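Asks: Structure provided below as structure tokens; questions to follow.
Number of protein chains: 2
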Amino acid sequence: MDAAARDRAAELAQQLRVDSVRAAAAAGSGHPTSSMSAAELVAVLLGRHLRYDFDDPRHPGNDHLIFSKGHASPLLYAAYKAVGAVTDEELLTFRTLGSRLEGHPTPRLPWVDVATGSLGQGLPIGVGIALSGARLDHIPFRTWVLCGDSELAEGSVWEAFEQAGMEGLDQLTALLDINRLGQRGPTRHGWDLPAYARRIEAFGWHTVEVDGHDVDAVDAAMAEARATRGAPTAIIARTRKGRGVAAVENREGFHGKPLPDPEEAVAELGGPRDLRVKVEQPPAAEEPRRDGADRDAALPRWKTGESVATRTAFGEALAVLGTRRGDIVTVDGEVGDSTKAALFGKDHPDRYVECYIAEQQLVATAVGLGVRGWTPYAVTFAAFLTRAHDFLRMAAISRSAINVAGSHAGVSIGEDGPSQMALEDLAMMRAIHGSTVLYPCDANQAAALTAAMADQPGISYLRTTRGDTPVIYGPDEEFPVGGSRLLRSGPDDQVTLIAAGVTVHEALRAADQLAEEGVAARVIDLYSLKPVDAQRLREAAVATGRFVTVEDHHPEGGLADAVLESFGNGHPMPLLTRLAVHSMPGSATPDQQLDAAGINARSISAAARKLCAGERPVIVEERTNAS
Amino acid sequence: MDAAARDRAAELAQQLRVDSVRAAAAAGSGHPTSSMSAAELVAVLLGRHLRYDFDDPRHPGNDHLIFSKGHASPLLYAAYKAVGAVTDEELLTFRTLGSRLEGHPTPRLPWVDVATGSLGQGLPIGVGIALSGARLDHIPFRTWVLCGDSELAEGSVWEAFEQAGMEGLDQLTALLDINRLGQRGPTRHGWDLPAYARRIEAFGWHTVEVDGHDVDAVDAAMAEARATRGAPTAIIARTRKGRGVAAVENREGFHGKPLPDPEEAVAELGGPRDLRVKVEQPPAAEEPRRDGADRDAALPRWKTGESVATRTAFGEALAVLGTRRGDIVTVDGEVGDSTKAALFGKDHPDRYVECYIAEQQLVATAVGLGVRGWTPYAVTFAAFLTRAHDFLRMAAISRSAINVAGSHAGVSIGEDGPSQMALEDLAMMRAIHGSTVLYPCDANQAAALTAAMADQPGISYLRTTRGDTPVIYGPDEEFPVGGSRLLRSGPDDQVTLIAAGVTVHEALRAADQLAEEGVAARVIDLYSLKPVDAQRLREAAVATGRFVTVEDHHPEGGLADAVLESFGNGHPMPLLTRLAVHSMPGSATPDQQLDAAGINARSISAAARKLCAGERPVIVEERTNAS
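Protein sequences, first through last, are from chains V and P. Numbering-wise (this note's numbering), the first sequence opens with residue 1 and increments by one. Numbering-wise (this note's numbering), the second sequence opens with residue 628 and increments by one.
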């Protein structure tokens, strides 16, 4: 770097500091000191290495820049100001109602790929983006991820180091801002840069240790990263938190607070500047072709009366979907043979990504693929999706559209026991903002929903069953998201049995038993748990006044709660008995498990019988209350 | 090892294989091949290194043996048979209804510390146990953890390697069964033992690479592990899945299945044996003293009208609890200054464990401390507890009694934005089997519940608020778990407002507004969300017929659903309007956030007004239905 360039970079770094201090001061909160440590890293990146068209954030050749340390948002927004993407006026709206400049970055800003702020997520998602570039897009954009040192304690980061190292993602660079101080004091490794380097190199990365405030050194390290082939690079930068302002520099107790005297700090930093940095344009690049091999390929079909596991139907349907659409990518957590995601991999090996047993990286990869325009399905055992709960939560804040499928739901898996049983997944997935939650009971329904979920916005979840279940629907029947199926109904229905997945078949058996006793039971297959078919449920409440819900899930947050959601806003509620897995299962056959949990036909008919023995409530929908 | 010892160990290994094959054959399912690879590791451990009194599993000097690869349960049960702890007859009950020998180990067996089966959890919990030995118990027991190779892809394992390495836990040994084959095919690193060694050494461990079927080499490695000071040891053993039976040995496609011809396999393994191994007794050891410094130390007290954050009250109360009781240990996720757990650390630094930003290890450490008889509080931001969801789920299966506290709940945190807001935590924690979920609204209540949760069985959760809230209860009031508080009530109540935490104060304001308009509103503070005060809620339903629930949480799985749980089993339900966070928050002040989410006093009174405009439903409890 010549002297003029060096001065420009150093001046730009000071401007980024000044603007970080100003933004946090205006907001009265925020993380200026965590921004100041990384100012040279970002200044040199912007001026000399990043290739990005800020006027066209969708340009397929753009590099990606992710602030994994999302709390350094003032620095990011200061950078956006320096490139001319936001005005100084907008910068000072930081953290105020309605501002796009939130406390932690979100994709409300068009240059932000994903929301960060839950530490240890930016690098895993960056790996997904880089993987997309290398294996699917075949576009030589670079992915730059700014990480804090505290977040390197998160296991998710090591899942990412492992995936990237083994995939040899040389277009990925992690910028590690080793400022020694976490939120509540020193980090585990302080300024022991070799401690980080040893670990990261062991995972197959190239590393460069630098003084993070030496713009020449940073520039050389970034050039070295760009020149390195066959391995991703981590630039391990020794920095000082609060750099440039003596009152806070390298001192404890100043995390996440505006500077005590912002005006003095700005003066100490040399005063405000209005440098404009010109970021290099990306090279021409074309979106990858995503046409399907055969857009009319037919979904698999099963005859009613066959017995097929919904996980198998899911896998077969997903494989066909991959033939129909070139944008579908499947991500496996080393259980594709069990979840049946492997059926997709067999037909479309180029669009099948193996993440091994690392569910956080599994979901992060899906989010990263989504950033690049692919339609991912992240698939593992439903129970193990709990491992990625925070990634799913953040994916919603990222406005990601990803599909998640979980197999081996509930006690019906049988002998493997509770560690393998998803009994909390519906609660988890329903509580994700804007999610869609689907739970098919037969093969044709599973196939249809597998295809339908690809077109939903947000996080879509499909829950599948390990064992075979009878095919009760024809292959041409339709199952709109938000719908339900009325499987039994008549004018004299006294009770409504509401089930989904494996319990639908138990409810049907119970209805048959009850019919023999002269009790007419309506049966609803509530395959769409979110959104839920409120209309159908309210009609059933008026018609029967009594509900029995039955689910292979803990009592909290699942099907019964989804049913009751339809009765908010003053809609009168029916009497309800909630059958669910209240006890701790052990090992047993699937039938024994359903029996022990009290969610089989016997328990359903007993509950219905008891409910029908009481007076029939009269449910009247009132126009004044209901909306 | 002399020739006789060598033969005994080799023969014992064959017996363990034979019994693994027999157990899986009897069950018709299970993981014999994953058991067979580790037979020498376990045989040598039992016969020559483990110190354990199987007649007294509570002996404080006992070593701990954890099968992190829980699917190798046949091997564990075969070992229990070899030491005389279970009979051959019980061995063959494997995976059947009612058997203690579940598909994956659980503490239904007295020698099993924790449930495993969700991979990557045994080592983190083992770290917690070893940490307890080194820092709290001061007893030189060893912790042996058998890990599979597939699970080394889990980030949680690297959180554990990091914690143990940096703490120098030399009484911890990881036995890595590198059998090259995962569930669906080869693992990422196959038999590249140096790849594992490099990574693990970089994290500060001592490593030994061995042929895992060479009993001499395994014995020497275990001796080396026992002799190593200042660092934990990983014995990286090259093994062959299905070892000893040609039909399955080192072949793909035999994961999680009984052997194709078990009888032939047993013959090939040399036939059944009935060796009995004598495990060395543990040295004498005494339970650590856990008396409190002052069992009568008074909880902190606040005057009504003061304004205090519940997180602060939690931290202060926890510090006093630590003075009262010597069994309380607090585990921090590097946010103790924000969660106020640091107040405990200040008073009781010897019982304060720092896990840095690694929430899986945070909860695993708590579970491990619980195994050793301590009463742990694992504390971080409530939002980031989602990171540990799978560990919390498994802790319930482990029958752990741990306390978890999450701060910064809901939109009321204000400017930091959605990544830091817990809006799913109530759904997550309520769905954990046997959990207790508490959500205080003021400082005195928070202090009382902080103390109360220590005596609850299972997983107890306390949700705290970032901002100050008014103190509305006196310092001597009582708040039993499972209770609620009636804050406003009268004979003419037309509607019941149900709130918890920060929304209690909004509900009170709404009730005041409504009273001015002539609408009498009952107000319930539902501080115990699980168990819930069904009696109080049913009375309110009868009295008012109309509920407005209001919660700083997504609509699914939180307070409203907890309320409705009281109306299962045919209890007639009131009309309900559910106020919750339906939209995606951005940054704004706390008050603006509550307003935007529609959960402040204005929204509550509007909802109540609308509900009261309709006809008042008559709720009659019927003896015939209700139970």
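Cβ coordinates follow ideal geometry from the N, Cα and C atoms, glycine included. In this text, all values refer to a predicted model and were calculated from it rather than measured experimentally.
#1: Compute the beta-carbon to beta-carbon distance between residue 8 (chain V) and residue 47 (chain V), rounded to the nearest angstrom, for a pair I have assumed lies under 8 Å.
#2: Can you list the residues of chain P that residue 49 (chain V) reaches, using a CB-CB cut of under 8 Å?
#3: May I have the straight-line CA-CA distance separating residue 564 (chain V) from residue 1209 (chain P), to the nearest angstrom?
#4: Residues in the same chain with beta-carbon distance under 6 Å from residue 1070 (chain P), minus the five sequence neighbours each way, listed in chain order, please.
#5: Any chance the stretch 900-912 of chain P sits against the stretch 1049-1060 of chain P, with 3 or more Cβ pairs inside 8 Å?
#6: Please check if any C-beta of chain B sits within less than 9 Å of the C-beta of residue 147 (chain V).
#7: Taking the runs of the beta strand (DSSP E) that are 3 residues or longer, which of them lie wholly in the stretch 1101-1147 of chain P?
#8: Per DSSP, what kind of secondary structure is residue 414 (chain V) in: helix, strand or coil?
#9: Can you give the beta carbon distance from residue 1009 (chain P) to residue 1033 (chain P), rounded, assuming they're within the 8 Å contact cut?
#10: Output the distance between the C-alpha atoms of residue 836 (chain P) and residue 803 (chain P), rounded to the nearest integer angstrom.
#11: Closer than 7 Å by C-beta to residue 79 (chain V): which residues in its own chain qualify, once you throw out the five before and the five after it? Chain order, please.
#12: List the residues of chain V whose Cβ lies closer than 7 Å to the Cβ of residue 964 (chain P), in chain order.
#13: What is the DSSP secondary structure of residue 1030 (chain P), reduced to helix, strand or coil?
#14: Tell me, please, whether the CB atom of residue 1237 (chain P) is closer than 9 Å to any CB atom in chain V?
#15: What does DSSP give as the partner residue(s) for residue 238 (chain V) in the beta ladder?
#16: Who are residue 530 (chain V)'s beta bridge partners in DSSP?
#17: So, are the CB atoms of residue 783 (chain P) and residue 641 (chain P) less than 9 Å apart?
#18: Of all the residues that make up the stretch 346-367 of chain V, which are near chain P by a beta-carbon distance shorter than 7 Å?
#19: Using the C-alpha atoms, what's the distance from residue 852 (chain P) back to residue 781 (chain P)?
#20: Can you give me, in chain order, the residues of the stretch 882-914 of chain P that have a beta carbon less than 9 Å from any beta carbon in chain V?
#21: Could you tell me which whole beta strand (DSSP E) segments of length 3 or greater appear in the stretch 662-728 of chain P?
#22: Let me confirm a value: residue 1219 (chain P) is counted as buried when at least 16 other C-beta atoms fall within 10 Å, else exposed. Which label applies?
#23: Please report the residue range of the beta strand (DSSP E) in which residue 144 (chain V) lies.
#24: Is the stretch 799-818 of chain P touching the stretch 996-1010 of chain P, taking contact as three or more C-beta pairs under 8 Å?
#25: Does DSSP classify residue 623 (chain V) as helix, strand or coil?
#26: Specify the secondary structure class of residue 566 (chain V) as computed by DSSP and reduced to three states.
#27: Identify the contact partners of residue 89 (chain V) in chain P, using a Cβ-Cβ distance below 7 Å as the criterion.
#28: Assuming residue 781 (chain P) is part of the beta strand (DSSP E), what are its boundary residues?
#29: Using only CA atoms, which one of P:650, P:667 and P:647 lies nearest to residue 637 (chain P)?
#30: Between which two residues does the beta strand (DSSP E) containing residue 469 (chain V) stretch?
#31: Can you find at least 3 beta carbon pairs, one from the stretch 1018-1031 of chain P and one from the stretch 740-748 of chain P, that sit closer than 8 Å?
#32: Among P:700, P:724, P:719 and P:762, whose alpha-carbon lies nearest the alpha-carbon of residue 732 (chain P)?
#33: Leaving out five residues on either side along the sequence, give the residues of the same chain with a beta carbon under 6 Å from the beta carbon of residue 1084 (chain P).
#34: Keeping to the same chain, check which residues put their C-beta closer than 7 Å to that of residue 1185 (chain P); ignore five residues upstream and five downstream.
#35: Helix or strand or just coil, what does DSSP make of residue 1243 (chain P)?
#36: Please list the segments of the alpha helix (DSSP H) lying wholly inside the stretch 889-961 of chain P, counting only runs of 4 or more residues, in order along the chain.
Replies: In short, the structure shows the following:
#1: In the first sequence, the residue the question calls residue 8 (chain V) occupies position 8. In the first sequence, the residue the question calls residue 47 (chain V) occupies position 47. Rounded, the Cβ-Cβ distance is 6 Å, consistent with contact.
#2: Position 49 of the first sequence, counted from the first residue, corresponds to residue 49 (chain V). The contacting residues do not exist; residue 49 (chain V) stays about 27 Å from chain P at best.
#3: Residue numbering aside, residue 564 (chain V) sits at position 564 when the first sequence is read from its first letter. Residue numbering aside, residue 1209 (chain P) sits at position 582 when the second sequence is read from its first letter. Straight-line Cα distance between these residues: approximately 16 Å.
#4: Locating residue 1070 (chain P) in the second sequence gives position 443, counting from the first residue. The answer, listed in chain order, is 929, 935, 940 and 1098.
#5: no
#6: Looking for chain B here will not work: the only protein chains present are V and P.
#7: 1112-1115 and 1122-1126
#8: Translated into positions along the first sequence, residue 414 (chain V) becomes position 414. Correct three-state label for residue 414 (chain V): coil.
#9: For the purposes of this step, residue 1009 (chain P) is taken as the residue at position 382 of the second sequence. For the purposes of this step, residue 1033 (chain P) is taken as the residue at position 406 of the second sequence. Residue 1009 (chain P) to residue 1033 (chain P), Cβ: 3 Å. Contact.
#10: As a position in the second sequence, residue 836 (chain P) is number 209, starting the count at 1. As a position in the second sequence, residue 803 (chain P) is number 176, starting the count at 1. Rounded to the nearest angstrom, the two C-alpha atoms are 10 Å apart.
#11: For this step, residue 79 (chain V) is matched to residue 79 along the first sequence. Taken in chain order, the residues that qualify are 16, 42 and 46.
#12: The residue labelled residue 964 (chain P) in the question sits at position 337 within the second sequence. Within 7 Å Cβ-Cβ: 183 and 184.
#13: The residue labelled residue 1030 (chain P) in the question sits at position 403 within the second sequence. It is a strand residue.
#14: Translated into positions along the second sequence, residue 1237 (chain P) becomes position 610. Answer yes: the Cβ-Cβ gap between residue 1237 (chain P) and chain V drops below 9 Å somewhere.
#15: As a first step, residue 238 (chain V) is located in the first sequence; it is residue number 238 there, counting from the start. Paired residues: V:178 and V:211.
#16: Walking along the first sequence from the start, residue 530 (chain V) turns up at place 530. Beta-bridge pairing links residue 530 (chain V) to V:437.
#17: Taking the second sequence and counting its residues from 1, one reaches residue 783 (chain P) at position 156. Taking the second sequence and counting its residues from 1, one reaches residue 641 (chain P) at position 14. For residue 783 (chain P) and residue 641 (chain P), no; Cβs fall outside 9 Å.
#18: 356, 357, 358 and 360
#19: Here residue 781 (chain P) refers to the residue found at position 154 when the second sequence is read from its first residue. Here residue 852 (chain P) refers to the residue found at position 225 when the second sequence is read from its first residue. In a straight line, the C-alpha of residue 781 (chain P) is about 24 Å away from that of residue 852 (chain P).
#20: 882 and 883
#21: 691-694
#22: Along the second sequence, one-based indexing puts residue 1219 (chain P) at 592. With 16 or more Cβ atoms within 10 Å of its Cβ, residue 1219 (chain P) is classed as buried.
#23: On the first sequence, position 144 is the one that residue 144 (chain V) refers to. Residue 144 (chain V) -> beta strand (DSSP E) spans 143-148.
#24: no
#25: Stepping through the first sequence from its first residue, residue 623 (chain V) is reached at position 623. At residue 623 (chain V), the pLDDT of 47 sits below 50, so the modelled position is not reliable and the matter cannot be decided from this model.
#26: To locate residue 566 (chain V), count along the first sequence from 1; it is residue 566. Coil at residue 566 (chain V), not helix or strand.
#27: If you number the first sequence from 1, residue 89 (chain V) lands on position 89. Chain P residues near residue 89 (chain V): none, gap ~17 Å exceeds 7 Å.
#28: Translated into the one-based positions of the second sequence, residue 781 (chain P) becomes position 154. That residue, residue 781 (chain P), is in no beta strand (DSSP E); it is neither H nor E in DSSP.
#29: Within the second sequence, residue 637 (chain P) is the residue found at index 10, counting from 1. That would be P:667, whose Cα lies nearest to the Cα of residue 637 (chain P).
#30: In the first sequence, counting from the first residue as 1, residue 469 (chain V) sits at position 469. Here the beta strand (DSSP E) through residue 469 (chain V) covers 468-470.
#31: yes
#32: Taking the second sequence and counting its residues from 1, one reaches residue 732 (chain P) at position 105. Closest option to residue 732 (chain P), Cα to Cα, is P:700.
#33: Numbered from its first residue, the second sequence carries residue 1084 (chain P) at position 457. So the list reads 1028, once near-sequence residues are dropped.
#34: Looking up residue 1185 (chain P) in the second sequence gives position 558. Closer than 7 Å at the Cβ level, and outside the excluded window around residue 1185 (chain P), lie 1053, 1054, 1178 and 1207.
#35: Counted from its first residue, the second sequence places residue 1243 (chain P) at position 616. Coil.
#36: 889-895 and 937-951
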